[in-house]
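Let me begin by presenting the structure, written as structure tokens, before commenting on it.
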Amino acid sequence: MFLFHLLQQGCDPLAQTQRSKLQHRRARINQQINKEMRMRAGAENLFRATNNHKVKETVALELSYVNSNLQLLKEELEELNSCMDVYQNDSDSISVPMVPLGLKETKELDWAEPLKEMIWEHYGEDGALYESEIKDLVELRQAMRTPSRNEAGLELLMEYYSQLYFLDNRFFPPNKNLGIFFHWYDSLTGVPSHQRALAFEKGSVLFNIGALHTQIGARQDRTTLQGVDCAIEAFQKASGAFNYLKENFSNAPSLDMSAASLNMLVRLMIAQVQECVFEKVILLGAQSDFLACLQLAQEAARVEEVYSLVYQTMTQPHVKDYVPFSWTTMVHVKSEHFKALSHCYAAMALCDSFLQFHVTPPQGPDVRLLLQDQEERRKLGKAHLRKAIMRHEEAMRIHSLCKILRKMDILQEVLCFAHKRSLGKYSEIDHEEDFFETADAPDIHPKTHQRPEIKSPNFSKVKVTDIFHRLGPLSVFSAKNKWLPPRTVRLVRGENGFGFTLRGDSPVLIAGVIAGGCAADAGLKEGDYIVSINGKDCKWSKHAEVVQLLKVAGDEGADVGVITLQYSEGPFRALMVSTNTLNCAQKRPGSHCRSLWTSVTWSQRPLPVTSLAAAFWISCSFRVTFKGSPM
Numbered sequence: 001m002f003l004f005h006l007l008q009q010g011c012d013p014l015a016q017t018q019r020s021k022l023q024h025r026r027a028r029i030n031q032q033i034n035k036e037m038r039m040r041a042g043a044e045n046l047f048r049a050t051n052n053h054k055v056k057e058t059v060a061l062e063l064s065y066v067n068s069n070l071q072l073l074k075e076e077l078e079e080l081n082s083c084m085d086v087y088q089n090d091s092d093s094i095s096v097p098m099v100p101l102g103l104k105e106t107k108e109l110d111w112a113e114p115l116k117e118m119i120w121e122h123y124g125e126d127g128a129l130y131e132s133e134i135k136d137l138v139e140l141r142q143a144m145r146t147p148s149r150n151e152a153g154l155e156l157l158m159e160y161y162s163q164l165y166f167l168d169n170r171f172f173p174p175n176k177n178l179g180i181f182f183h184w185y186d187s188l189t190g191v192p193s194h195q196r197a198l199a200f201e202k203g204s205v206l207f208n209i210g211a212l213h214t215q216i217g218a219r220q221d222r223t224t225l226q227g228v229d230c231a232i233e234a235f236q237k238a239s240g241a242f243n244y245l246k247e248n249f250s251n252a253p254s255l256d257m258s259a260a261s262l263n264m265l266v267r268l269m270i271a272q273v274q275e276c277v278f279e280k281v282i283l284l285g286a287q288s289d290f291l292a293c294l295q296l297a298q299e300a301a302r303v304e305e306v307y308s309l310v311y312q313t314m315t316q317p318h319v320k321d322y323v324p325f326s327w328t329t330m331v332h333v334k335s336e337h338f339k340a341l342s343h344c345y346a347a348m349a350l351c352d353s354f355l356q357f358h359v360t361p362p363q364g365p366d367v368r369l370l371l372q373d374q375e376e377r378r379k380l381g382k383a384h385l386r387k388a389i390m391r392h393e394e395a396m397r398i399h400s401l402c403k404i405l406r407k408m409d410i411l412q413e414v415l416c417f418a419h420k421r422s423l424g425k426y427s428e429i430d431h432e433e434d435f436f437e438t439a440d441a442p443d444i445h446p447k448t449h450q451r452p453e454i455k456s457p458n459f460s461k462v463k464v465t466d467i468f469h470r471l472g473p474l475s476v477f478s479a480k481n482k483w484l485p486p487r488t489v490r491l492v493r494g495e496n497g498f499g500f501t502l503r504g505d506s507p508v509l510i511a512g513v514i515a516g517g518c519a520a521d522a523g524l525k526e527g528d529y530i531v532s533i534n535g536k537d538c539k540w541s542k543h544a545e546v547v548q549l550l551k552v553a554g555d556e557g558a559d560v561g562v563i564t565l566q567y568s569e570g571p572f573r574a575l576m577v578s579t580n581t582l583n584c585a586q587k588r589p590g591s592h593c594r595s596l597w598t599s600v601t602w603s604q605r606p607l608p609v610t611s612l613a614a615a616f617w618i619s620c621s622f623r624v625t626f627k628g629s630p631m
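Under UniProt numbering, the first residue of the sequence shown carries the number 1, and numbering increases by one thereafter.
Right, dumping it as structure tokens:
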């Protein structure tokens, strides 16, 4: 029997960490939203159905209360989604907060009865024999609801996601559903959604993989090179998960998995990667160095550019009313903040010897003259500082408009520090006798030395074995293949042997049956699969093992359990029915036949073939002959 040798565990759901408390509050609010929405749906149905004026008034009043409660719950959930400080690192260093995502919540799922019924109806086995496997599946799903915020939590989610591939092929035929509803709550609004399609379960788990990456990225100490590198990797993987979800899943019932929302999340993650790259440049270089300041100015301009794109995406009609206001404000603040930093670092360098440094040439003398004239450099630097101060003040103004961000002390501290630094530098280069009008500083040309990557999930990294391994090889024992009812054939060796030929392994195929032989008389057919011999399961047995079991049976005979494949649904055709296909594979050892959904590849070794037509003589000695040997 196959069992997990080590079943991964999620976090203790009763652990009183700040993050777990936040997730518990999210789950509670989701349940309340679900309750209120069901009440609203019932009230709306009653309002449409009744013609009684008093009843309509009562229902209308009740609807107003329900809608009011829903609005309050959604505002409370939005405030939870804006609690970014819970996911940040615990160090005393000052870093700009990153935007993490909370995990999608789901309800418990009862797999037992639907899976047992499917095992009995489709595979012809007693579902009670697979209670251990069903228990492992239930425990794995329960554990992945509370993954730890580290690599082990990611592996747990990816393990469950990979198991869903096996479940899909084992228990979800194309033209039938199991009657299981997968319930998930929207990550940002808490609105419940449910579908019978396993794809919804897959997509929701994939979303949580991306969300967990954002939480891991947000918790890194980005004042160290190791921390900033880990943050870059985490946000790149988060963008890859959301991008993979956008490209491979469609018609999602929840807004957080819609194409517009996922596109916004991908861009947000890329912007946060770019911000980490800027912080890495600061850690690597001396900020007082001339060339380092020029590089920082262009890196900051690049961060401002990508955050401006995210802000435009968040303010589009399909996304504007969905994204929390604190997120939109945070992105807008960062856009202004990094634009200010680009001008601040440009002013610290005073000017640039490269023509590509500015988007448009600065007003006044030629660039070469600026580099040689200290006074002209001071004027240009003053113009950049003036623009930097204006952008700092705009960032602080936007920040003050959001009640939730005002509570975020660390962000306020970062903005004030940058503003004071620019003011201090401006005071240093400002002269009382400056009567000239300060020119408008040109924008800085955005440039980065490290472009973000969108890293798709690498599911092969987590080794997973099919929980329902005992059902047999997936290439044959799948929901897409339809069999005749399993049957047991009593085979007794005659004078000329058993009268049939075996081919292949795992499971072994009846490749040929001699007319008038013992096997034919017993009801064995060409194309049957051997699944058991004398009660021993043979679905995973190799060719030689099956032959040995038949040899051991001797003159007493053997009870051979077989199944007959009727047809295969979908793009995959059963590999057992056509002997010509198998012969073709033998004639062309280098050829490969790959299934679209089972990843089965023919090996270069020819399939073993054994004739049992006359292989067993009446004497006590046994002899097994292979293809090409006279029988």
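Cβ coordinates follow ideal geometry from the N, Cα and C atoms, glycine included.
Close Cβ partners of residue 131 (< 6 Å) along its chain, the five nearest in sequence each way excluded = For this step, residue 131 is matched to residue 131 along the sequence shown. Its chain contains no residue whose beta carbon lies nearer than 6 Å to that of residue 131 once the 5 sequence neighbours on both sides are disregarded.
Taking 6 Å as the line, does the beta carbon of residue 337 fall inside it for any heavy atom of the ligand GDP?
-> Among the components modelled here there is no ligand, and therefore nothing to report on the ligand GDP.
Within 10 angstroms of the Cβ of residue 416, are there 16 or more other Cβ atoms? Answer buried if so, exposed if not.
-> Your numbering for residue 416 matches position 416 in the sequence shown. With a threshold of 16 other beta carbon atoms within 10 Å, residue 416 falls short and is exposed.
Determine which residues share a DSSP beta bridge with residue 560 and list them.
-> As a working note, residue 560 is residue 560 in the sequence shown. Bridge partners of residue 560: 489, 533.
Measure the alpha-carbon distance for residue 481 versus residue 71 and round it to whole angstroms.
-> The residue you call residue 481 lines up with position 481 of the sequence shown. The residue you call residue 71 lines up with position 71 of the sequence shown. Rounded to the nearest angstrom, the two C-alpha atoms are 49 Å apart.
Smallest Cα separation from residue 427: which of 461, 382, 317?
-> Position 427 of the sequence shown, counted from the start, is the residue given in the question as residue 427. For the options 461, 382, 317, the alpha carbon positioned closest to that of residue 427 is the one of 382.
CA-to-CA distance, residue 492 to residue 556, given in whole angstroms = Within the sequence shown, the letter at position 556 stands for residue 556. Within the sequence shown, the letter at position 492 stands for residue 492. Going from the Cα of residue 556 to the Cα of residue 492 covers about 7 Å.
In chain order, each alpha helix (DSSP H) run of at least 4 residues that lies wholly inside the region 124-179 = Here the runs fully enclosed are 131-144, 151-171.
Note down the Cα distance separating residue 419 from residue 452, rounded to an integer number of angstroms.
-> Stepping through the sequence shown from its first residue, residue 419 is reached at position 419. Stepping through the sequence shown from its first residue, residue 452 is reached at position 452. The straight-line gap from Cα to Cα measures roughly 28 Å.
Cβ shell of residue 181 (< 8 Å), same chain only, five flanking positions each side left out | Reading the sequence shown from its first residue, position 181 is the one you call residue 181. In chain order, 194, 195, 196 place their CB closer than 8 Å to the CB of residue 181, counting only its own chain and leaving out the 5 sequence neighbours on each side.
Backbone CA spacing between residue 205 and residue 185 [nearest angstrom] | To locate residue 205, count along the sequence shown from 1; it is residue 205. To locate residue 185, count along the sequence shown from 1; it is residue 185. The alpha-carbon of residue 205 is positioned some 12 Å away from that of residue 185.
Taking the beta strand (DSSP E) that residue 510 falls in, what are its first and last residues?
-> Here residue 510 refers to the residue found at position 510 of the sequence shown. It spans 509-513 - the beta strand (DSSP E) in which residue 510 sits, taken as one unbroken run.
Outcome for residue 145 when other beta-carbon atoms lying within 10 angstroms are tallied against a minimum of 16 = In the sequence shown, counting from the first residue as 1, residue 145 sits at position 145. Label assigned to residue 145: buried.
Assuming residue 164 contacts residue 105 (C-beta within less than 8 Å), just tell me the rounded distance between them.
-> For this step, residue 164 is matched to residue 164 along the sequence shown. For this step, residue 105 is matched to residue 105 along the sequence shown. Wrong, their Cβ atoms sit about 18 Å apart, outside the cutoff.
Among 57, 134, 113, 405, nearest to residue 471 - alpha-carbon criterion | As a first step, residue 471 is located in the sequence shown; it is residue number 471 there, counting from the start. Residue 134 is the option with its Cα nearest to residue 471.
Can the beta-carbon of residue 328 be found closer than 7 Å to that of residue 314?
-> As a position in the sequence shown, residue 328 is number 328, starting the count at 1. As a position in the sequence shown, residue 314 is number 314, starting the count at 1. Result yes, Cβ atoms of residue 328 and residue 314 sit closer than 7 Å.
Count the other C-beta atoms from every protein chain shown that fall within 10 angstroms of the C-beta of residue 623, then say buried if there are 16 or more, exposed otherwise.
-> Reading the sequence shown from its first residue, position 623 is the one you call residue 623. No answer about residue 623 holds up, because its pLDDT of 31 lies below 50 and its placement is not dependable.
Is the region 329-349 touching the region 385-392, taking contact as three or more C-beta pairs under 8 Å?
-> Segments in contact, yes.
Coil, strand or helix - residue 106 by DSSP = Against the sequence shown, residue 106 aligns to sequence position 106. In the three-state DSSP reduction, residue 106 falls in the strand class (E or B).
Which class does residue 185 belong to by DSSP, given the choice of helix, strand or coil?
-> Taking the sequence shown and counting its residues from 1, the one referred to as residue 185 is at position 185. Residue state, collapsed to three classes: strand.
Looking only at its own chain, which residues have a Cβ that is under 8 Å from the Cβ of residue 147, when we skip the five neighbours before and after it?
-> For the purposes of this step, residue 147 is identified with residue 147 of the sequence shown, where counting begins at 1. So the qualifying residues of the chain are 10, 11, 103, 153, 154, 156, 157, 208, 212.
CB of residue 246 within 7 Å of CB of residue 238, strictly = Working through the sequence shown from its first residue, we reach residue 246 at position 246. Working through the sequence shown from its first residue, we reach residue 238 at position 238. Taking 7 Å as the Cβ cut-off, residue 246 and residue 238 do not qualify as a contacting pair.
Secondary structure at residue 503, three-state DSSP: helix, strand or coil?
-> For this step, residue 503 is matched to residue 503 along the sequence shown. The three-state reading of DSSP puts residue 503 in strand, counting E and B together.
Going by CA-CA distance only, name the one from 400, 448, 549, 425 that's closest to residue 655.
-> Residue 655 is absent from the structure shown; the chain starts at 1 and stops at 631.
Other residues of its chain near residue 140: CB distance less than 6 Å, five sequence neighbours each side excluded | Your numbering for residue 140 matches position 140 in the sequence shown. Cβ within range, chain order: 160.
The beta strand (DSSP E) enclosing residue 194, as first and last residue numbers = Within the sequence shown, residue 194 is the residue found at index 194, counting from 1. Note, residue 194: beta strand (DSSP E), 192-195.
Could you tell me the boundaries of the beta strand (DSSP E) in which residue 481 lies?
-> The sequence position of residue 481 within the sequence shown is 481, counting from 1. Counting along the chain, residue 481 sits inside the beta strand (DSSP E) bounded by residues 481-483.
Between residue 222 and residue 95, what straight-line distance do the alpha-carbon atoms span, to the nearest angstrom?
-> Position 222 of the sequence shown, counting from 1, holds the residue named residue 222. Position 95 of the sequence shown, counting from 1, holds the residue named residue 95. Spanning the two alpha carbons is a distance of roughly 7 Å.
Throw me the rounded Cβ distance for the residue 44 and residue 69 pair, which I believe falls under 8 Å.
-> As a position in the sequence shown, residue 44 is number 44, starting the count at 1. As a position in the sequence shown, residue 69 is number 69, starting the count at 1. Taking a contact as a CB-CB distance under 8 Å, the pair residue 44 and residue 69 does not count as one, their CB atoms being some 15 Å apart.
Run the CB neighbour count on residue 505, radius 10 Å, all protein chains shown included, and call it buried at 16 or more, exposed below.
-> Counted from its first residue, the sequence shown places residue 505 at position 505. Residue 505 comes out buried.
Where does residue 101 land, buried or exposed, given buried means 16+ other C-beta within 10 angstroms?
-> Translated into positions along the sequence shown, residue 101 becomes position 101. The residue is buried, with at least 16 neighbouring Cβ atoms inside 10 Å.
Could you give the C-beta distance for residue 326 and residue 405, rounded to a whole number, given that I count them as a contact under 8 Å?
-> Position 326 of the sequence shown, counted from the start, is the residue given in the question as residue 326. Position 405 of the sequence shown, counted from the start, is the residue given in the question as residue 405. Between residue 326 and residue 405 a beta carbon distance of about 6 Å is seen, short of the 8 Å cut, so the two are scored as contacting.
Rounded straight-line distance, which links the Cα of residue 273 to that of residue 230 | Taking the sequence shown and counting its residues from 1, the one referred to as residue 230 is at position 230. Taking the sequence shown and counting its residues from 1, the one referred to as residue 273 is at position 273. Approximately 10 Å between the Cα atoms of the pair.
Residue 454 and residue 248: beta carbons closer than 7 Å?
-> One-based indexing of the sequence shown puts residue 454 at position 454. One-based indexing of the sequence shown puts residue 248 at position 248. For residue 454 and residue 248, no; Cβs fall outside 7 Å.
Rounded straight-line distance, which links the Cα of residue 123 to that of residue 63 | Along the sequence shown, read from residue 1 onward, the residue named residue 63 stands at position 63. Along the sequence shown, read from residue 1 onward, the residue named residue 123 stands at position 123. In a straight line, the C-alpha of residue 63 is about 50 Å away from that of residue 123.
Using DSSP with H/G/I as helix, E/B as strand and the rest coil, what is residue 565?
-> Within the sequence shown, residue 565 is the residue found at index 565, counting from 1. Strand.
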